[in-house]
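Peer 1: The sequence shown begins at 120 in our numbering and counts up one residue at a time.
I'd like to ask some things about the structure below.
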Amino acid sequence: MIEAKIRAEADAKAKAVALPIAAATKEKPWENSLGMRFVPVAGTEVLFSVWETRVQDYAAFAQAQGGVDSQWRNPGFTQANTHPVVKVNWDDAQMFARWLTDKERREGKIPAAASYRLPQDWEWSVAVDLDEPRSGTPQDKDERILGVYPWGTQWPPPRGAGNYEQWLRVDDYEYTSPVGSFAENRFGLNDMGGNVYQWCEDFYNGTSGNGFLRGSSWKTFYLPRHLLSSNRYSIEHGYRSDTFGFRCVLVGVDGVR
Numbered sequence: 120m121i122e123a124k125i126r127a128e129a130d131a132k133a134k135a136v137a138l139p140i141a142a143a144t145k146e147k148p149w150e151n152s153l154g155m156r157f158v159p160v161a162g163t164e165v166l167f168s169v170w171e172t173r174v175q176d177y178a179a180f181a182q183a184q185g186g187v188d189s190q191w192r193n194p195g196f197t198q199a200n201t202h203p204v205v206k207v208n209w210d211d212a213q214m215f216a217r218w219l220t221d222k223e224r225r226e227g228k229i230p231a232a233a234s235y236r237l238p239q240d241w242e243w244s245v246a247v248d249l250d251e252p253r254s255g256t257p258q259d260k261d262e263r264i265l266g267v268y269p270w271g272t273q274w275p276p277p278r279g280a281g282n283y284e285q286w287l288r289v290d291d292y293e294y295t296s297p298v299g300s301f302a303e304n305r306f307g308l309n310d311m312g313g314n315v316y317q318w319c320e321d322f323y324n325g326t327s328g329n330g331f332l333r334g335s336s337w338k339t340f341y342l343p344r345h346l347l348s349s350n351r352y353s354i355e356h357g358y359r360s361d362t363f364g365f366r367c368v369l370v371g372v373d374g375v376r
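As C-alpha cells, then:
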C-alpha cells in the first residue's frame, strides 16, 4: 500500500514536471535550472538548446563536479560568461550532460525518464534544415549536399549571418561571440553555423573511431565547403580546441514531437 502510494506520487510528480517541458515552443522555450533554453524541433523527439553551452553553464558543472580538465578556463582570448565554452572534448561534453541529468532528476526539474545528451547527426541535420536521408553514416553524408549553408544558399555569407572567420567580414567579433548574438533559424536555434564547432553524439563512421563536430566556427577556413550545412569535422574524441564547444538536447519527455 505504502509502496504503491509512493509510486503514484512519483508518477504524478513526473507528469507535473513533463507538462511544462512538453509545452515548450519557439516563442516560449522551456528553461532549465542553469537558464539554458530548449525548444522542440519538428521531425525529432528531442528539445534542442537554443544556443551552445555557455561558460557560465560549464563553470557550474566544473565547480560541482570537481576534477574537470581546466583548459576551458584558458582559451587564449577573453570570454564573458555568456560566450560558448571552448577547449572541451567529447568526453567533457558527455560528463556535463550526465551531471546535468543527475542534478535535475534529483531536483525534480526533469522526469526520471528524461536525460540530456549531445545531438545525434540526423537530429542536427533536421535542426539545420538540411534535407538528408536518416539512413547512412555521418561519413557517408559528409559534404554530400552542396550549396546549402545555415543561412541559406547565398555565397559569400551576408553580413550578420553568424560569427565566422574575420576575412569574411560578416560580423564584428574577432573570437567567440555571446550566444544568441545572431538571427535564429526557423526553429528558434542560434549559431547552427559559426561561433564554435559543436560535438555530436555519434561516431563519424557509425560504429567506432573518431567523433565529429558540426556547425563551423569563428575561424573556419574561407572555403565554401567548410561552411556547408552538410560539413562534418571528423577528429578524435579526446581533442580540445579553442573552436570546439557543444550544445545539449533533452530527450525522453512525453509529448515532444
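In this text, a Cβ means the ideal position worked out from N, Cα and C, and glycines have one as well.
1. By the DSSP assignment, the alpha helix (DSSP H) with Q217 in it spans what residues?
2. In the DSSP assignment, the beta strand (DSSP E) including V368 goes from what residue to what residue?
3. Among the residues of its own chain, which have a CB less than 7 Å from the CB of E223, if the five just before and after it don't count?
4. Taking DSSP as the reference, what is the three-state secondary structure of M120?
5. State the DSSP-derived secondary structure class of V158, mapped to helix, strand or coil.
6. Are the beta-carbon atoms belonging to G374 and A141 less than 8 Å from one another?
7. Along the beta strand (DSSP E) that carries W318, what are the first and last residues, could you check?
8. Specify whether the stretch 317–333 and the stretch 148–167 touch according to this definition: at least 3 beta carbon pairs, one from each stretch, less than 8 Å apart.
9. Nearest-angstrom Cα distance between I342 and D211?
10. Could you check the C-alpha separation between P194 and V370 for me, to the nearest Å?
11. In whole angstroms, what is the alpha-carbon distance linking P275 and P297?
12. Which stretch, first to last residue, makes up the alpha helix (DSSP H) that contains F180?
13. Taking the beta carbon of T197 as the centre, do at least 16 other beta carbons fall within 10 Å, making it buried, or is it exposed?
14. In the DSSP assignment, find the unbroken alpha helix (DSSP H) run with S244 in it and report its ends.
Peer 2: With the given structure in hand:
1. The question names Gln, yet the displayed sequence has Arg at residue 217. Looking at the DSSP string, the run of the alpha helix (DSSP H) that includes R217 is W209 to R225.
2. First-last of the beta strand (DSSP E) with V368: V368 to V370.
3. Cβ neighbours of E223 beyond the five flanking positions: N151, S152 and I229.
4. The predicted model places M120 with a pLDDT of 48, which falls under 50 and marks its position as unreliable, so this point remains unresolved.
5. Three-state DSSP puts V158 in a strand.
6. Yes, they are a contact pair.
7. DSSP places W318 in the uninterrupted beta strand (DSSP E) bounded by Y316 to W318.
8. Below 8 Å, too few C-beta pairs join the stretch 317–333 and the stretch 148–167 to call them touching: fewer than three.
9. Checking the displayed sequence, the identity of residue 342 turns out to be Leu instead of Ile. Linking L342 to D211 through their CA atoms gives a straight-line distance of about 29 Å.
10. Approximately 30 Å, taken between the alpha carbons.
11. Cα to Cα, P275 sits roughly 23 Å from P297.
12. F180: member of the alpha helix (DSSP H) spanning V174 to Q184, first to last residue.
13. By the neighbour-count rule (16 or more Cβ atoms within 10 Å), T197 is not buried but exposed.
14. Element bounds for S244: D240 to A246.
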